[in-house]
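Going line by line, the protein sequences match chains A and B.
Under my numbering, the first sequence is numbered contiguously, ending at residue 186.
Under my numbering, the second sequence is numbered contiguously, ending at residue 1181.
Remarks on the structure that follows.
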Amino acid sequence: MGIETLLGDTVLTTKISEFVGWSRKYSLWPFPFATACCGIEYMSVLNSDFDLARFGAERPSFSPRQADLLVVLGTITYKMAPVLWQIYHSMSEPKWVISYGACASSGGMFRSYSVLQGIHLIIPVDIYVPGCPPRPEAFLDSLIKLQKKVAEESVVNPEYKAKADYLEKALGSTEYQISKNNTKQQ
Amino acid sequence: MRGLNSVLNIELKNHLVKMFPVRGFTVEENRGILVIQADASDLVNLMNFLKTDPLCDFNVLIDLTAVDYLHKRTQDKRFDVVYMLWSTATMQRIRVKVTVAEGLEVPTVSGIWKGANWPEREVFDLFGIVFSGHPVMERIVMPENFRGHPLRKDFPLEGRGEEYLIESIMIHPPDSGSGSK
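Put into C-alpha cells, the structure is as follows:
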C-alpha cells in the first residue's frame, strides 16, 4: 500500500467492515435475560473470578434498547415466550443472541405442557451453550466464538434483514404452511 | 402437645357434629388433624361457621387445592377440593374436603377469606373446577389462550403439542414499539 510505505508504522490501512467489526466485537453490551439457575452462573461470569470485562462486555444493559447481545439464561415457558419475543424485537440492529444452557436451547429436562422447547422456535440464535447449567468458562468460550462471528460480519450484510424475517420463514407463512398441508395430505 | 391436640380435636369434633346434623357431613381425625367431608351446598355455611364461631375461630386459610381421583373413583366423585384452615388463637388446624363431579361448580369462599381468590383461580386454571360467585373466574398461571387443564390426570404428560401458543405470537405479535399503551 502506498500510504504505509510513505508514513511507516504511524498509520494502518484496513477495510471499513473489518474496522467496524473489530470495534463491535470488543464493545458488546449484553442483556441478561435470566429466568433460572443459569443466571447465577452468569453473575459469577460478571464478577472478578471470571471477569467479563476482559472481553469488553462488562456493561450489562438492563434495557433492551441499549443492548446488542441478548443472553437467554434459563427456562422459557410459553407464558414467558411473548416477553422474550418482545425484548428481542425491542433491540436495535445489529443484535446477537446467546442461548445459554439446556433449557433455553432445547427445553432441557422440562418436556412438559408449559415449557418452550428451545428459544430458536421464536427468535434466531447465534450461539448455543450446552450444560445444565454450563460452567462460567463455557460462557467465556461462547463469547469468544461470538466475537469471531461479529468480526466477520459485514456492515452491509443483508443478514440483518434475514434475521428480521426469521419468524416468517420459520413459522409464519409459506414454508410452514406447505409442510403443514403436506402432513395433512399424507 | 399431641395429647392436648387430641383432647381439643375430640371437643371440636363433638361441637361440629352437633352444629351440622346434615347428610354427607362427616368429621374424622387423621394423623392429629380433623378432616371434614362436606357437601358443596353446605360449604359456605360451614366455612362461615368455622371462621366466626368462638370455639373454632379458624381465621387463616392456609391453602386451597384440589385432587383428581380419575380411575380411582366413579365419575360423579372425580375431584376433591381441599381447604386447609388454621387458627391463630387456638393453634389448631383443620382440613375441609368437598367432592365434586366434572363440570359441577363449587361456591367460592373468597368472600370469607380474601386469600382464597387466587388459589381458586389456580384450581380453575389447572383442574377446570369452576367456583361460582367468584369475582374473576379466569386463568391465573397458564397463558390466556391455553387449551385444557394440565393437572387433570387425563392430560398427557408431555403436553398436547403447545406449538399453537407460539403460532399465536406470530399471528398476534406483542407490541414491539415504544411500549406505551
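The beta-carbon is built from N, C-alpha and C at its ideal position, and this holds for glycine as well.
Predicted model, so just to flag it, every value in this text is computed and none were measured.
| Item | Value |
| --- | --- |
| Where K149 (chain A) sits in the DSSP three-state scheme | helix |
| Pairwise C-alpha distance: F139 (chain A) and I1062 (chain B) | 43 Å |
| Entirely enclosed beta strand (DSSP E) segments - the segment 60-137 of chain A, minimum 3 residues | 69-73, 96-100 and 127-129 |
| Per-residue burial, T5 (chain A) [other beta carbons within 10 Å of its own, 16 or more giving buried] | exposed |
| Beta-ladder partner(s) of E1028 (chain B), from DSSP | B:V1035 |
| F1079 (chain B) versus B:L1085, B:H1071 and B:W1086, residue with shortest Cα-Cα distance | B:H1071 |
| Counted within 10 angstroms of its Cβ, other Cβ atoms place G1177 (chain B) as buried (16 or more) or exposed | Because G1177 (chain B) sits at a pLDDT of 48, beneath the cut-off of 50, its placement in the model cannot be relied upon, and the following sentence gives the value as read from the coordinates. It counts as exposed. |
| Proximity winner among A:V72, A:V45, A:I76 and A:Q86, relative to R65 (chain A) (alpha-carbon distances) | A:Q86 |
| Every unbroken alpha helix (DSSP H) within the segment 1059-1143 of chain B, with a cutoff of 4 residues, ordered by chain | 1117-1127 |
| Inter-residue Cα distance where the pair is V1255 (chain B) and E1120 (chain B) | Given that chain B is displayed from residue 1001 to residue 1181, the structure contains no residue 1255 (chain B) and the question cannot be resolved. |
| Rounded straight-line distance, which links the Cα of P1156 (chain B) to that of A1040 (chain B) | 29 Å |
| Three-way DSSP call (helix, strand, coil) for A34 (chain A) in this model | strand |
| Neighbourhood of A102 (chain A) by C-beta distance below 6 Å, restricted to the same chain and skipping five residues each side | G108 and C132 |
| Environment of P32 (chain A) [buried if 16+ CB atoms lie within 10 Å] | buried |
| Close beta carbons around D1125 (chain B), own chain, < 6 Å, minus the five adjacent residues each side | R1139, I1140, V1141 and M1142 |
| Test: R54 (chain A) CB closer than 9 Å to a CB of chain B | no |
| Cα-Cα separation, P1191 (chain B) to L1165 (chain B) | Chain B is shown only over 1001 to 1181; residue 1191 (chain B) falls outside these bounds and no answer can be derived. |
| I76 (chain A) vs L116 (chain A) beta-carbon contact at 9 Å | yes |
| Proximity test, Cβ basis, 9 Å: R1160 (chain B) and chain A | yes |
| M1001 (chain B), DSSP secondary structure in three states | Low per-residue confidence applies at M1001 (chain B): pLDDT is 47, beneath 50, and the placement is therefore not dependable, though the value from the model is reported in the following sentence. Note: M1001 (chain B) maps to coil in three-state DSSP. |
| Where E1011 (chain B) sits in the DSSP three-state scheme | helix |
| S114 (chain A) at chain D interface by Cβ criterion, 9 Å | Among the chains of the structure shown, chain D does not appear; the protein chains present are A and B. |
| Check whether V1109 (chain B) and L1064 (chain B) have beta carbons under 9 Å apart | yes |
| Cβ of K95 (chain A) within 9 Å of any chain B Cβ | no |
| Helix, strand or coil at Y42 (chain A) [DSSP, three-state] | helix |
| E1138 (chain B) at chain A interface by Cβ criterion, 9 Å | no |
| Start-to-end residues for the alpha helix (DSSP H) that takes in R1190 (chain B) | Any property of residue 1190 (chain B) remains undetermined from this structure, which presents chain B solely from 1001 to 1181. |
| Rounded C-alpha distance that separates V1027 (chain B) from G1115 (chain B) | 25 Å |
| N1117 (chain B) to V1136 (chain B) span [Cα, whole Å] | 8 Å |
| Contact belief for Y100 (chain A) with C37 (chain A) at Cβ below 8 Å, rounded distance in angstroms | About 11 Å; that fails the 8 Å criterion. |
| Cα-Cα separation between H1015 (chain B) and F1058 (chain B), rounded to whole angstroms | 14 Å |
| Same chain, Cβ closer than 7 Å to T14 (chain A), five either side skipped, listed in chain order | none |
| Proximity of V1100 (chain B) and V1081 (chain B) at Cβ, strictly below 9 Å | yes |
| Straight-line Cα distance separating T1074 (chain B) from G1032 (chain B) | 29 Å |
| Cα-Cα separation between E137 (chain A) and H120 (chain A), rounded to whole angstroms | 23 Å |
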